[in-house]
DNA sequence: CGGTTCGTTGACATAGCTCAATATTCGTGG
DNA sequence: CCACGAATATTGAGCTATGTCAACGAACCG
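Residue numbers (this note's numbering), protein chains in the order written: chain Y, 104 to 342; chain U, 104 to 342.
Okay, here's the thing in structure tokens:
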């Protein structure tokens with residue numbers, strides 16, 4: 104159940120055997136969600152946090168006029184709302200972008216961990232810090248990259264993150280979003296996203312067919328995206 | 104020295120007397136920076152974290168073409184790079200936007216805190232989580248708000264954050280950025296920022312003269328910005 | 001006073017939006 | 001297997017937002 108989370112945490116630091124056991128015992132419930140189902144509602148005050156075991160989920164906010172902005176994409180092994188443990192009130196919603204399998208961890212148990220397991224606590228803290236680093240990278244992408252480069256950057260990021268949790272097959276990975284949803288990620292209209300995709304298609308850097316993305320030229324894609332994975336902290340060191 | 108940090112933390116939860124003492128003893132050095140000086144360099148691996156005692160600082164990233172995107176603005180009481188404690192490598196730089204007074208806290212000492220002071224550790228963790236919440240709000244602003252509304256939102260946010268650390272005088276506060284720097288915050292060109300400012304000026308929601316912003320109509324400004332401070336977690340509860 | 005940075009303006013080019021129509025794909029029931 | 005409706009993808013037209021460039025004015029500093 105928590106294999107992906109472990110792969111995730113272990114990309115930053117060693118997780119000891121007792122810590123692993125402890126984590127797996129923390130799962131007090133699991134559940135599956137259908138596409139478009141809300142996993143956590145905006146404004147709610149959950150008493151548990153959600154670990155994404157499998158599938159794609161998105162954090163989002165709605166504007167008064169009905170426009171949606173997706174602020175993060177989550178994949179297997181991501182602790183999608185560990186935040187709620189300390190923030191208490193959800194300032195955004197989380198929705199399933201594919202069928203999702205999730206595990207719930209009780210906030211009381213997480214608090215116990217924070218009282219008794221300093222190293223593990225730091226790893227969980229780190230997990231939320233990486234989230235923040237990804238947010239910053241997205242801000243940069245929205246503010247200063249062309250849409251073409253922004254999209255390329257997103258694909259690079261997802262590819263690397265999926266690799267960590269073994270969800271890639273060579274240069275291929277499952278990407279279940281619709282164009283409308285992807286537009287909500289990039290903060291542009293569907294029409295413009297579609298046109299951006301066409302430009303990128305002509306450059307033959309990747310294909311996106313039947314919910315599968317295949318990277319055709321990793322070097323050129325990285326160049327276009329100016330992708331530097333430093334912000335993902337993918338190196339094992341004592342934390 | 105750490106009064107502002109305490110005001111900051113206490114806006115979320117009670118900080119006990121021993122915790123306060125502990126925090127103040129953690130400051131192992133202080134320093135002043137001039138405008139435009141780098142407080143922390145991108146790519147560095149600092150062995151201490153920086154607490155902003157007074158002034159304005161910005162986190163930023165440069166693109167290959169020299170364009171800059173500011174990903175966060177920090178004010179007195181903000182723990183500007185607490186991240187580095189666990190992320191180790193700075194994925195962005197931090198620059199002084201005004202003369203800055205900062206305090207340094209050693210990572211070794213922070214680690215001790217994380218081993219022995221669970222509640223205080225959670226408060227520090229929370230501090231970084233609020234940072235993340237602000238990032239998300241900025242992503243939403245960049246993706247789905249008009250520039251007018253984005254700017255209004257930024258002013259609302261800064262006003263509320265400055266109020267927490269007692270840096271406001273009625274509806275006035277010091278705002279030392281140039282238009283060029285503000286453009287780097289919003290991710291637009293200076294020219295366009297200037298024109299956006301003019302439109303807002305005509306609506307008389309606020310003035311910005313001599314580095315001082317005065318909010319003239321808080322209600323209308325909030326409306327325009329669709330500002331909802333929930334994401335700042337400004338309520339005292341056990342964390 | 002003179003240089004430098006900052007703010008403002010206008011002209012023009014490009015990116016991105018909305019709307020509306022059409023094509024394509026997919027799932028479902030017959 | 002086919003027919004149909006719903007969701008998704010694609011296209012084109014015209015409009016708005018935003019960018020670049022270049023000039024000029026204002027404020028600031030020594």
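All residues carry an ideal CB built from backbone N, CA and C; glycine is no exception. Please read all numbers here as calculations on a predicted model, not as lab measurements.
Among all the DSSP beta bridges, which residues are the ones paired with residue 132 of chain Y?
-> Answer is Y/207.
According to DSSP, is residue 117 of chain U helix, strand or coil?
-> Here residue 117 of chain U sits in coil by DSSP.
Of the residues Y/156, Y/118, Y/178, Y/173, which one's Cα is nearest the Cα of residue 145 of chain Y?
-> It is Y/173.
Could you confirm whether any beta carbon from chain Y is found closer than 8 angstroms to the beta carbon of residue 212 of chain U?
-> Contact with chain Y is absent for residue 212 of chain U, since none of that chain's Cβ atoms lies less than 8 angstroms from the residue's Cβ.
Check residue 105 of chain Y in the structure and name its three-state DSSP category.
-> If DSSP states are grouped into helix, strand and coil, residue 105 of chain Y belongs with coil.
Beta-carbon spacing of residue 315 of chain Y, residue 242 of chain U below 8 angstroms = Going by C-beta atoms, residue 315 of chain Y is not nearer than 8 angstroms to residue 242 of chain U.
Consider the Cβ of residue 329 of chain U: report whether some Cβ of chain Y lies at a distance smaller than 8 angstroms.
-> Cβ-Cβ to chain Y under 8 angstroms: yes for residue 329 of chain U.
Is it true that the region 246-256 of chain U meets the region 311-329 of chain U, where meeting means three or more beta-carbon pairs spaced less than 8 angstroms apart?
-> The answer is yes - the region 311-329 of chain U touches the region 246-256 of chain U, with three or more Cβ pairs under 8 angstroms.
Taking residue 209 of chain U as the reference, give the member of U/199, U/303, U/191 with the closest Cα.
-> Of U/199, U/303, U/191, the residue nearest in Cα terms is U/191.
Below 6 angstroms CB to CB, which residues in the same chain sit around residue 136 of chain U once its five sequence neighbours on both sides are set aside?
-> So the list reads 142, 199, 203, once near-sequence residues are dropped.
Kindly indicate which three-state DSSP category residue 223 of chain U falls into: helix, strand or coil?
-> In this structure, residue 223 of chain U counts as helix in the three-state DSSP scheme.
Spatial neighbours of residue 297 of chain U in its chain, beta-carbon cut-off 7 angstroms, leaving aside the 5 residues before and after = Closer than 7 angstroms at the Cβ level, and outside the excluded window around residue 297 of chain U, lie 282.
From this set, Y/104, Y/105, Y/117, which residue's C-alpha is nearest residue 226 of chain Y's C-alpha?
-> Cα-wise, what sits closest to residue 226 of chain Y is Y/117.
Looking at the C-beta of residue 172 of chain U, does it have a partner C-beta in chain Y at a distance below 8 angstroms?
-> It does; some Cβ of chain Y falls within 8 angstroms.
What does residue 263 of chain U reach in chain Y if we use C-beta pairs closer than 9 angstroms?
-> When 9 angstroms is used as the limit between beta carbons, residue 263 of chain U is near no residue of chain Y, the shortest such separation being about 14 angstroms.
Can you tell me which of the three DSSP states residue 239 of chain Y falls into?
-> For residue 239 of chain Y, the secondary structure class from DSSP, reduced to helix, strand or coil, is helix.
DSSP on residue 252 of chain Y, reduced to helix/strand/coil?
-> Reduced to three states, the DSSP call for residue 252 of chain Y is helix.
Option nearest residue 361 of chain Y by Cα separation, candidates Y/285, Y/320, Y/184, Y/140 = Given that chain Y is displayed from residue 104 to residue 342, the structure contains no residue 361 of chain Y and the question cannot be resolved.
Specify the secondary structure class of residue 329 of chain Y as computed by DSSP and reduced to three states.
-> In the three-state scheme derived from DSSP, where H, G and I count as helix and E and B as strand, residue 329 of chain Y is classed as coil.
Flag this pair as yes or no: are the beta carbons of residue 128 of chain U and residue 104 of chain U separated by less than 8 angstroms?
-> No, they are not a contact pair.
Helix, strand or coil at residue 215 of chain Y according to DSSP, with G and I counted as helix = Note: residue 215 of chain Y maps to helix in three-state DSSP.
Inter-residue Cα distance where the pair is residue 285 of chain Y and residue 310 of chain Y = For residue 285 of chain Y and residue 310 of chain Y, the gap between their C-alpha atoms comes out near 15 angstroms.
Please look up how many angstroms separate the CB atoms of residue 123 of chain U and residue 109 of chain U, rounded, as I've assumed it's under 8 angstroms.
-> Taking C-beta atoms under 8 angstroms as the contact rule, residue 123 of chain U and residue 109 of chain U qualify, at a distance of about 6 angstroms.
If you run the structure through DSSP and keep just helix, strand and coil, what is residue 194 of chain Y?
-> Note: residue 194 of chain Y maps to coil in three-state DSSP.
Starting from the C-beta of residue 304 of chain U, find all residues in its chain whose C-beta is less than 8 angstroms away, skip the five residues before and the five after it, and write them out in chain order.
-> Only residues of its own chain outside the window of five on either side were considered, and among them 310 have a CB closer than 8 angstroms to the CB of residue 304 of chain U, listed in chain order.
Cutoff 8 angstroms; reference residue 216 of chain Y; Cβ partners in own chain excluding five residues on either side = Setting aside the 5 residues that flank it on each side, residue 216 of chain Y is surrounded in the same chain by 125, 129, 223, 224, 227, each with a C-beta closer than 8 angstroms to its C-beta; the list follows chain order.
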